[in-house]
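Chains as they are written, first to last, in the numbering used here: chain A, 1 to 205; chain B, 1001 to 1205; chain C, 2001 to 2205; chain D, 3001 to 3205.
For every residue, glycine included, the Cβ atom is placed at its ideal position computed from N, Cα and C.
Just below is one structure, and these are the notes that go with it.
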């Protein structure tokens, strides 16, 4: 009997967009029979900063007890990892980077090799660094020896969602409203990540 | 009976370095039982330019009849593709880019999805754009829907070869002499590309 | 008496989008008193390929005698350079790269140092590699020792045009229609390139 | 009377390499008559982590009272900024990214436009992400509307230091020993940053 593929969905979200992307991915992955862990990258901002932004505070309160904090052990556990991250000045936020940086020990032991990874992002402008953020994240993944399964144009749904081949990305306005309908693209990306994860898991024994 | 994995090794070389890397990869891949096609990206430079550089001319003459020119059909044929390319101003040379650009038709038909790819490079300075060139090439691969299997630090041999996780890279001096011993890293990368290519080929049926 | 700043506008265009961006930039630059040279990167595609695409053929015919081919000498002549380039698989097209590669001689003589550069792009999807293409081009510029003046968010017009801080970018549909109104952003970028070019020219004496 | 150009040197260093680069830069900049502020990006790691690494602890203790913590106000103060940062998995460390992320307020007010920036880096392998880290940092700078003055090959000293056109970079071994002699390249980069900073400051009035 083949084991189910293990998918970690690791996101960082201040006001909820990337949480929503992550939840759609979780649903699609579970429908496909994957064992899924949805975890959030630990917050670094001081409570004063969070409290100045009502949307941030509301999302922080809503998820802090419900969603477990990402541990580096989750990376070791997973066969495949799907990241969802906002863009901050054309790169992942410090919160996500700090989580990556903490994986130095696992990396040194070679325990991150052959993880299948894929990533999604959001920004406040259409060309606000979504591509760059995904590419920066994949750079880190290459250091880990991961196998990168960006969506490319592997399904027509990518075109409908804005056509980002590096990963599904969405533009959000000042009120946090998504400007494109990316749900199907997210679901496709989650299924693709699992599919490639399964091929690698079964092959690499 | 399982089919052998098909590996295309596509290189561009003016004075021979990337040809040498490609040949080491070919040897390692054949030892592993892959079906290998070694092909060179078509030359774009006019003969006058080539003739002004004796090393370029010598290499051009030595390979023009021996090594077949890369066709876009080779990309369709392959399960896995290993590229070897010099860096020109932090990016692939026009010759390699022209070859990629010609694949627009295959791309539009979705025939480049799920190719497993990896890449190697060379430059004249230690930090002369090797990393950037590999990353640019992988960006194009993401457009194709390829699955990227950079070496990362999946084997200790990477450290010995300069520690480039994006792909084996070598520095060459003005006389074309390699400044690091990268042969084992090249062989490892070829084997890794085949391994991941096999997992994907077997899984994706 | 201060000399006028010399701006080279170098574009590649198959069906006319980047030509249009370049023309807007030319107009804005001349209004500001710059000495402008608008030149097109030489075509590499064979006539058979061009003839299969009516829009490409029409644009090729319309500009081949009217707009001079870019020479590497234009790079030496210029104080500032504004590029306009389509994206091909997340990178500049081979035509543009070939033009860059031909500048090896000027580079070796140090004659490209301190050129002020900026770039614009276009693609067929909203997130179709516009960011990556601009970043690849700037990587090459760093090899040249250029001073990079991307627009950033130096004017509110950038937000209106899609918010690409790396350079104005536009999405074109299958018929070549621009999907965003970027004219003002192009004009702003041209003026900014000239302004920074003037500061550097006057300072660097 | 012309004002002196203001240079902020912002570094992050765990075991001292980037501090050393920053100090060389400071000396060179002061020799040229710039007004220099040398500041360190705030530490994010918990004391337990720092204490497990004697070299980290020693450097932390040695600088925590001596070097002021970087404030976002330092970015507003500066005409030019020189960064020195280690590479962590092909990107800036979370500490540096956190510092950038805190500049959101200044960015929104447009107060980061036209800063002249340049950057240096270090890594533990020759090709361990130095190029990528510098490029990631410059991506953020483009969001700020900064003017990027990477060294390129603007002086022969770059070749001697490993030939990194994006910024001086150095490889350090497990004991923190620099593997290349980059002092002159650092000094050149500091002087170049000041020179371009001066041109922009004087021009942009």
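- Scanning chain B for C-beta atoms nearer than 8 angstroms to the C-beta of residue 147(A) yields 1147, 1148, 1149 and 1196, reported in chain order.
- By the Cβ test, the region 1039 to 1051 of chain B is not in contact with the region 1110 to 1120 of chain B, since fewer than three Cβ pairs between them sit closer than 8 angstroms.
- Secondary structure at residue 1191(B): helix, using DSSP grouped into helix, strand and coil.
- Of all residues in the region 3041 to 3054 of chain D, none has a C-beta nearer than 7 angstroms to a C-beta of chain B.
- Under the three-pair Cβ rule at 8 angstroms, the region 3147 to 3156 of chain D does not count as touching the region 3094 to 3112 of chain D.
- Chain-ordered listing is empty here: chain D has no CB closer than 8 angstroms to the CB of residue 71(A), the nearest sitting near 15 angstroms.
- Cα atoms of residue 2085(C) and residue 2126(C): separation of roughly 15 angstroms, rounded to the nearest angstrom.
- Under the three-state reduction of DSSP, residue 84(A) is assigned to strand.
- Between the alpha carbons of residue 1140(B) and residue 3060(D) lies a gap of roughly 42 angstroms.
- Chain order gives the chain B residues near residue 2129(C) as 1139 and 1143, where near means a beta carbon separation below 8 angstroms.
- Annotation: the continuous beta strand (DSSP E) that includes residue 122(A) extends over 116 to 123.
- Fully contained in the region 1039 to 1109 of chain B are the following beta strand (DSSP E) runs of length 3 or more, in chain order: 1080 to 1086.
- Here the alpha carbons of residue 1042(B) and residue 2067(C) stand approximately 28 angstroms from one another.
- Under the three-state reduction of DSSP output, residue 169(A) falls in the strand class.
- Put simply, of 133(A), 57(A) and 160(A) the residue whose alpha carbon is nearest the alpha carbon of residue 186(A) is 160(A).
- With a cutoff of 8 angstroms on beta-carbon distance, residue 1178(B) and residue 1017(B) are scored as near each other.
- In this structure, residue 3128(D) sits away from residue 142(A), with a CB-CB distance that is not shorter than 8 angstroms.
- For residue 3157(D), the enclosing alpha helix (DSSP H) begins and ends at 3157 to 3160.
- Apart from sequence neighbours up to five positions away, the residues of its chain that approach residue 1157(B) with a beta-carbon distance below 7 angstroms are 1184, 1185 and 1188, ordered along the chain.
- Scanning chain A for C-beta atoms nearer than 8 angstroms to the C-beta of residue 2162(C) yields 125, 126 and 127, reported in chain order.
- Closest in C-alpha terms to residue 1077(B), from the list 1190(B), 1037(B), 1020(B) and 1065(B), comes 1037(B).
- Between residue 1132(B) and residue 1172(B), the gap from beta carbon to beta carbon reaches 8 angstroms or more.
- Counted as a single uninterrupted DSSP element, the stretch harbouring residue 1111(B) is not any alpha helix (DSSP H), since DSSP gives it neither H nor E.
- Interface criterion met: the Cβ of residue 169(A) is under 8 angstroms from a Cβ in chain C.
- Comparing C-alpha distances from residue 55(A) to each of 174(A), 103(A), 102(A) and 168(A) shows the shortest one belongs to 174(A).
- Using a Cβ-Cβ cut-off of 8 angstroms, residue 2020(C) does not count as an interface residue toward chain A, since no Cβ of chain A sits closer than that to its own.
- Per the C-alpha coordinates, the member of 1081(B), 1020(B) and 1035(B) positioned closest to residue 1063(B) is 1020(B).
- Residues of chain C with a Cβ closer than 8 angstroms to the Cβ of residue 3135(D) are, in chain order, 2135 and 2139.
- Per DSSP, residue 3008(D) is one residue of the beta strand (DSSP E) stretching across 3006 to 3011.
- For residue 1138(B), the uninterrupted alpha helix (DSSP H) run begins and ends at 1130 to 1144, by DSSP.
- Taking a Cβ-Cβ threshold of 9 angstroms, the residues of chain D close to residue 2204(C) are 3195, 3196 and 3199, in chain order.
- When the five nearest sequence neighbours on each side are left out, the beta carbons in the same chain lying within less than 7 angstroms of the beta carbon of residue 2100(C) are those of 2140, in order along the chain.
- In this structure, the beta-carbon distance from residue 115(A) to residue 146(A) falls below 8 angstroms.
- In the DSSP assignment, residue 3153(D) falls outside any alpha helix (DSSP H), carrying neither H nor E.
- The residue among 1051(B), 1102(B), 1096(B) and 1197(B) with its C-alpha nearest the C-alpha of residue 1013(B) is 1096(B).
- The three-state secondary structure of residue 180(A), taken from DSSP, is coil.
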